[in-house]
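Residue numbers (my numbering): -2 to 423.
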Amino acid sequence: MPELETFALKGNLLYTREPSRLECFPDHYLVCENGCVAGIFPCLPDRYAHVAVEDCGSRLIVPGLTDLHLHAPQYAFRGLGMDLELLDWLDSHTFPEESRYADPVYAERAYRLFVRDLQMSTTTRACIFATIHADATLLLMQLLEETGLVAMVGKVNMDMNSPESYCETTDGSLAETERWIRESLCRYKNVSPILTPRFAPVCSGRLMASLGRLQQKYALPLQSHLSESPGEVAWVKSLFPDCGCYGDVYDRFGLFGSNGPVVMAHCVYSGREERELIRKRGVFIAHCPQSNVNLSSGIAPAKSCLQDGLKVGLGSDIAGGFSLSGFRGISDAIQMSKMHWRLQDPDIKPLSFSEAFYLATKGGGAFFGKVGSFETDYEFDALVLDDAAWPSPSELEPESRLEQLVYLGDDRCIRKKYVKGRKIVG
Ligand code: GUN
Ligand code: FE
């Protein structure tokens, strides 16, 4: 493999090493060596005197954002059916649309639109649900690989409590999952498979137990949904009455961190017992504030999860959420945490800007390793941002400029985007 070029970006560098503080290095150099951050310098050291410098002027440079939970086949109907709750929305919009991905012509047309927009978005890394169809999932993985983004992509498993037109047999689901794993496991540089039982109510015990064994056999990560809405939580309780909590259902079948890394979306209704299990097993939480509003799911206690030292990132949950923008995710997370403070628990303060920025970068990035920060040796994922569309009557500090850009801006502010040291936009 050819060695990656060493280079430097010069501009206003901002990132969070820890949730409580936004680090800011105005007019500094950020050096990239072998796809990783080699350091931050006020002047370029002699050993880098020869490297190419991209002078970004007064622009802001931040780590790329991680979208820890979204559904690629739902992108086509984002913004529709937003007057429904989760289980009705799944039946009326989601399952009928996802069943269309059995048709490779439709799948390619729809996935191309999704992938193009994801490439131009704030996202550099993503954990993505596809559909139950192995071939369409392989196609999505190929299209993502061509963008240079880093993604974990899952063929969905569901073998019960689903419409006839969008349901698998247990044996069929397992056979197709293993075929998809074998065909995708070492095929791409940046895209890899992640096991994806949709959620407990649509997966039989035998399916879940077998997926646990596959996770161990192939050393794969796993993603699913957990404690998202009141109706769903009650349904799981009625299906698995002897499980202590919803998370315990996954845990009994080895799908809750005992066989490898796991990310669970939502955790709006995770009580004390479930949170303790999440902590013990090192499970990541994908907090999806926009989806939680749209599907009337509830207000997730993101701040207290962060305070308790749980691993938390942000997810757009397309199409529970309608926006791919990670900036929107940050502002939604802050707004939802204010409602949590006001309506649910006055002892838990809202998320600060730096805390929400941390969730979107280093918090979710940790699922991918050393990702989401400009600390030395972190993988070099970066966005160069232009806020010239909002001239200020007085000079603002870079921290304030970033905060304003997150609230007011979107993909159109991105001038350059780097993933693992490779420029993929700009
Ligand atoms: N739970 C099971 N499937 C889904 C889905 O597609 N979206 C959301 N938000 N929750 C789910
Ligand atoms: Fe989801």
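Just so you know, even glycine gets a beta-carbon here, dropped at the ideal spot from N, CA and C.
Values in this document were obtained by computation on a predicted structure and should not be read as measured data.
Going by the C-beta, is Arg75 closer than 7 angstroms to any heavy atom of the ligand GUN?
Result no, Cβ not under 7 angstroms from the ligand GUN.
Please indicate yes or no: does the CB of Ala262 lie closer than 7 angstroms to some heavy atom of the ligand FE?
It does: the Cβ of Ala262 is within 7 angstroms (strictly closer) of some heavy atom of the ligand FE.
Is Gly254 close to the ligand FE? I mean its beta-carbon at under 7 angstroms from any heavy atom of the ligand.
No, the ligand FE has no heavy atom inside 7 angstroms of this Cβ.
CB-CB under 6 angstroms to Cys33, same chain, minus the five flanking residues each way: which ones, in chain order?
Excluding sequence neighbours, Cys33 sits near Asp374, Glu376 and Phe377.
Does the ligand FE have a heavy atom nearer than 7 angstroms to the CB of His90?
Incorrect: His90 has no Cβ contact closer than 7 angstroms to the ligand FE.
Given that a residue counts as buried once 16 or more other Cβ atoms are within 10 Å of its Cβ, and exposed if not, what is Leu340?
By the 10 Å Cβ count, Leu340 comes out exposed.
Do you know how far the Cα of Asp248 is from the Cα of Cys53?
Roughly 48 angstroms separates the two Cα atoms.
Flag Gly54 as yes when its Cβ comes closer than 7 angstroms to any non-hydrogen atom of the ligand FE, and as no otherwise.
Every heavy atom of the ligand FE is 7 angstroms or more from the Cβ of Gly54, so no.
Using beta-carbon positions only, say whether Leu84 and Gly268 come within less than 8 angstroms of one another.
Result no, Cβ atoms of Leu84 and Gly268 do not sit closer than 8 angstroms.
How is the beta strand (DSSP E) around Asn9 delimited, first residue to last?
Run containing Asn9: Phe4 to Glu15, per the beta strand (DSSP E) assignment.
With hydrogens ignored, establish whether the beta-carbon of His284 is closer than 7 angstroms to any heavy atom of the ligand FE.
No, Cβ of His284 sits at least 7 angstroms from all heavy atoms of the ligand FE.
If you follow the alpha helix (DSSP H) that Thr91 is in, where does it begin and where does it stop?
Segment: none, Thr91 is in no alpha helix (DSSP H) and carries neither H nor E.
Exposed or buried, Ala386, counting other C-beta atoms within 10 Å across all chains shown (16 or more means buried)?
By the neighbour-count rule (16 or more Cβ atoms within 10 Å), Ala386 is not buried but exposed.
Can you give me the Cβ contacts of Leu182 inside the same chain, cut-off strictly under 7 angstroms, excluding the 5 residues immediately before and after it?
Once the five neighbours on either side are set aside, the close Cβ partners of Leu182 are Pro190 and Tyr215.
Using DSSP bridges, identify the partner residues of Arg122.
Bridge partners of Arg122: Thr63 and Val147.
Quick one, which of Gly318, Arg278, Leu307 and Lys308 has its alpha-carbon nearest Ser294's?
Nearest C-alpha to Ser294: Gly318.
Assign Arg113 to buried or exposed, taking buried as 16 or more other Cβ atoms, counted over all protein chains shown, within 10 Å of its Cβ.
By the 10 Å Cβ count, Arg113 comes out exposed.
Output the distance between the C-alpha atoms of Met(-2) and Thr358, rounded to the nearest integer angstrom.
Low confidence applies here, because Met(-2) scores a pLDDT of 48, under 50, leaving its location unreliable and the question unanswered by this model.
Can you give me the Cβ contacts of Ala316 inside the same chain, cut-off strictly under 6 angstroms, excluding the 5 residues immediately before and after it?
Closer than 6 angstroms at the Cβ level, and outside the excluded window around Ala316, lie Gln71, Phe74 and Arg75.
Give every residue of the same chain whose Cβ lies closer than 6 angstroms to the Cβ of Arg195, excluding the five residues on either side of it in the sequence, and list them in chain order.
For Arg195, where only same-chain residues beyond five positions count, the Cβ hits under 6 angstroms are Val153 and Met155.
Go ahead and label Cys410 buried or exposed: buried means 16 or more other beta carbons lie within 10 angstroms of its beta carbon, across all protein chains shown.
Buried, by the Cβ-count rule.
What separation, rounded to the nearest whole angstrom, lies between the Cα atoms of Lys335 and Tyr103?
Straight-line Cα distance between these residues: approximately 41 angstroms.
With distances taken between CB atoms, is the gap from Thr63 to Gly406 smaller than 8 angstroms?
No, the pair does not count as a contact, with Cβ atoms beyond the cut-off.
What does DSSP give as the partner residues of Arg18 in its beta bridges?
Arg18 pairs with Glu15.
Ser181: beta carbon under 7 angstroms from a heavy atom of the ligand GUN?
Answer for Ser181: no, Cβ out of range of the ligand GUN.
Identify every run of the alpha helix (DSSP H) within the stretch 372 to 421, keeping only runs that are complete inside it and at least 4 residues long; order them along the chain.
Segments of the alpha helix (DSSP H) lying fully in the stretch 372 to 421: 395 to 405.
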